[in-house]
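Structure record follows, encoded as structure tokens.
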Amino acid sequence: MAAALASGDAAAEAAPISPADLRADLRLAVETIEQNHPDLAHSVGKAELERAARRIERQLDRPMTRTEAWSALAQLNPLLADGHLFIALPDWRQESARTLAEGGAFFPFEVSIDAHGAVRIVSALGGGPTPYAGRRIRRIDGRDAGQVVRTLSARVHGDTPAFRSALLAQRWWLYYAKLYGAPAAFELDLVGGGRVRVAASRDSPALLQDEASFERTYRCEVGPRGAVLTAGSFAWPDKAQYLAFTQDCFARIAAAGADRLVVDLRRNGGGDDDYWREGLLRYIADQPYRHGSRYIKRVLQPRAGEVAGQLISGEIEAQTPPEAAEPLRFKGQVYVLVGPQTYSSAVLFSNVVQDYGFGRVAGVGGAVRTRQSGAVQSLRLPKTGLVLFYPRFVLDRPSGAARPAYVEPDLPIADDPLDQRAAVDSLLKRTASVTGGPRAPISGS
2 MAAALASGDA AAEAAPISPA DLRADLRLAV ETIEQNHPDL AHSVGKAELE
52 RAARRIERQL DRPMTRTEAW SALAQLNPLL ADGHLFIALP DWRQESARTL
102 AEGGAFFPFE VSIDAHGAVR IVSALGGGPT PYAGRRIRRI DGRDAGQVVR
152 TLSARVHGDT PAFRSALLAQ RWWLYYAKLY GAPAAFELDL VGGGRVRVAA
202 SRDSPALLQD EASFERTYRC EVGPRGAVLT AGSFAWPDKA QYLAFTQDCF
252 ARIAAAGADR LVVDLRRNGG GDDDYWREGL LRYIADQPYR HGSRYIKRVL
302 QPRAGEVAGQ LISGEIEAQT PPEAAEPLRF KGQVYVLVGP QTYSSAVLFS
352 NVVQDYGFGR VAGVGGAVRT RQSGAVQSLR LPKTGLVLFY PRFVLDRPSG
402 AARPAYVEPD LPIADDPLDQ RAAVDSLLKR TASVTGGPRA PISGS
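For the sequence shown, my numbering assigns the number 2 to the initial residue and increments by one for each residue that follows.
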């Protein structure tokens with residue numbers, strides 16, 4: 002098994018965990034899911050979950066490090082098929098930063114993974130240029146790259162294989178280090194490029210850089226063909242900064258007289274619904290809306306009339322009114338650009354825009370559910386230190402429609418991993434001659 006990443010918690014990471022303790026944490030995770038998930042069938046049948054747990058339990062036949070324990074227990078993740086339901090490595094962002102600070106290094110490239118499991122180099126780790134961009138990797142240190150993808154994918158969480166491939170590509174450097182280690186250099190066999198030896202990288206991965214930078218997470222571009230507002234998250238810690246950004250962006254759009262707006266959510270994994278209510282729909286919505294319809298929730302912290310553990314289902318009745326007096330209201334064409342990494346609250350926003358006709362959804366579909374779980378809880382498994390995440394509610398889209406089950410754009414637009422701007426340019430070009438308003442809103446809402 003691979004060596005652990007460097008960490009201030011190295012002693013805890015390396016300490017062997019007995020088979021009995023491994024099995025105890027696995028059983029605790031499964032029981033917690035079965036007892037607390039509001040609608041387990043949303044993800045997996047109980048019998049199937051139990052069969053998978055027994056299969057994993059048979060592998061827990063020797064003492065393991067925390068990383069090895071994760072490699073075993075995380076095999077539940079693809080089966081759970083939900084971006085909010087999985088067994089995770091603890092504090093992996095901080096651990097990865099410490100690894101670099103202490104002189105460690107990672108796989109030297111950002112990568113993409115296509116529907117067939119092919120791994121291609123996108124850029125140097127962190128996003129810098131590389132002469133190998135676009136090359137497909139056939140083998141890594143003698144290992145078949147396709148097999149590496151299958152091995153890593155067997156530990157990744159998310160709704161669908163497409164979701165999991167996108168997440169794996171984004172965190173390739175982390176998963177590879179955890180399963181195979183982080184040597185000083187990698188020997189790669191490239192299709193059409195022969196064998197190359199590339200030193201491991203001490204640059205911070207793009208994901209960590211993006212999450213630490215407001216400017217990398219949020220961008221506003223206003224040009225002659227339209228405006229593009231990129232929102233990479235609905236969870237920025239300084240909400241006032243985010244709201245000031247969106248207000249300024251819509252002011253720039255109004256000043257330029259732009260009549261088309263692309264809201265790019267391809268890298269938005271969600272956050273707080275207030276971010277899109279106050280920061281986006283304030284300037285777009287022209288009628289009352291609700292963020293969902295039917296719901297089912299598990300009571301974990303009872304309020305008046307509730308009992309812990311109770312399941313409650315109902316219908317969201319409350320609607321958010323539009324800001325009728327908003328001077329920066331945008332009245333042009335709105336397009337929400339989505340992809341396999343658009344998730345959670347970002348999907349709720351996409352649902353609202355699509356169901357109420359506030360705009361059209363564009364991009365890549367079929368990767369994430371429109372019926373989203375939420376109110377994510379966490380449990381640190383006491384023997385291994387791994388973390389179980391699980392949701393408290395499941396929410397239907399505003400229209401209440403069960404189909405399509407997955408986000409399906411009104412305007413399919415392919416993504417180019419080597420050129421993030423290509424989908425935006427394609428969308429603006431494609432919609433240049435579009436006239437008239439968006440789709441009719443749902444009836445009765």
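Just so it is clear, CB atoms sit at the ideal spot from N, CA and C, and this is done for glycine as well.
Bear in mind that the values here come from a model prediction, so they are computed numbers and not experimental data.
- Comparing C-alpha distances from D426 to each of Q378, G315, R261, Q311 shows the shortest one belongs to R261.
- By the beta-carbon neighbour count (other beta carbons within 10 angstroms, threshold 16), S214 is exposed.
- Under the criterion of beta carbons closer than 8 Å, D275 and A236 do not qualify as touching, at roughly 11 Å.
- Here A309 has V300, L301, Q302, P303 as same chain residues with Cβ atoms under 8 Å from its own Cβ, once five neighbours each way along the sequence are excluded.
- A straight line joining the alpha-carbon of G315 with that of H292 spans about 14 Å.
- With respect to the C-alpha of A134, the residue from G224, A25, V192 having the closest C-alpha is V192.
- Under the three-state reduction of DSSP, E222 is assigned to strand.
- Two segments are said to touch when three or more pairs of C-beta atoms, one from each, lie closer than 8 Å; by this definition the stretch 79-95 touches the stretch 358-377.
- The C-beta distance from M65 to P132 rounds to 40 Å, too long to meet the 8 Å contact threshold.
- Inter-residue distance for K430 and L74 is about 47 Å (C-alpha atoms, whole angstroms).
- Between H158 and P392 a beta carbon distance of about 12 Å is seen, past the 8 Å cut, so the two are scored as non-contacting.
- Residue A186 holds the alpha-carbon nearest to the alpha-carbon of G105 among A186, L380, A403, E318.
- Taking every protein chain shown into account, the CB of P341 has 16 or more other CB atoms within 10 angstroms, so this residue is buried.
- From the listed residues R268, V223, G270, R267, the smallest Cα separation to T247 is found for V223.
- Along the length of the stretch 302-330, whole beta strand (DSSP E) runs at least 3 residues long occupy 312-316, reported in chain order.
- Assigned with DSSP and collapsed to three states, T66 falls in coil, not helix or strand.
- Going by DSSP, V337 is part of the beta strand (DSSP E) stretching over 334-339.
- Measuring C-alpha to C-alpha distances from D249 to each of P162, L329, L168 identifies L329 as the nearest.
- Fewer than three beta-carbon pairs drawn from the stretch 163-181 and the stretch 225-235 are found closer than 8 Å, and the two stretches are therefore not classed as touching.
- Taking C-beta atoms as the reference points, G147 and G118 count as a pair closer than 8 Å.
- For Q248, the uninterrupted alpha helix (DSSP H) segment begins and ends at 240-257.
- Cβ contact annotation for P418 (same chain, cutoff 6 Å, sequence separation greater than five): S113, V123, in chain order.
- Residue environment for Q171: buried (at least 16 other C-beta atoms within 10 angstroms of its C-beta).
- Assigned with DSSP and collapsed to three states, Q288 falls in coil, not helix or strand.
- Excluding residues up to 5 positions away in sequence, P109, F110, E111, T131, S202, D204 lie with their Cβ nearer than 8 Å to the Cβ of A125 in the same chain.
- Counting only the Cα atoms, D22 lies some 17 Å from P91.
- The stretch 347-363 makes contact with the stretch 393-404, as at least three CB pairs between them are under 8 Å.
- When the Cα atoms are used, K240 and A423 turn out to be separated by approximately 30 Å.
- Burial state of D62 is exposed, judged by a 10 Å Cβ sphere holding fewer than 16 other Cβ atoms.
- DSSP, reduced to helix, strand and coil, places T231 within a strand of the structure shown.
- In terms of Cβ geometry, R283 and E318 do not form a close pair [threshold 8 Å].
- If you draw a straight line from the Cα of L86 to the Cα of P162, it comes to about 15 Å.
- Here P410 is buried: its Cβ has 16 or more other Cβ atoms, across all protein chains shown, within 10 Å.
- When the alpha-carbon of I34 is set against those of G280, Q378, L387, the nearest one is in Q378.
- CA-to-CA, the gap between G375 and L312 works out to about 15 Å.
- The Cβ-Cβ distance between A13 and G386 falls below 8 Å.
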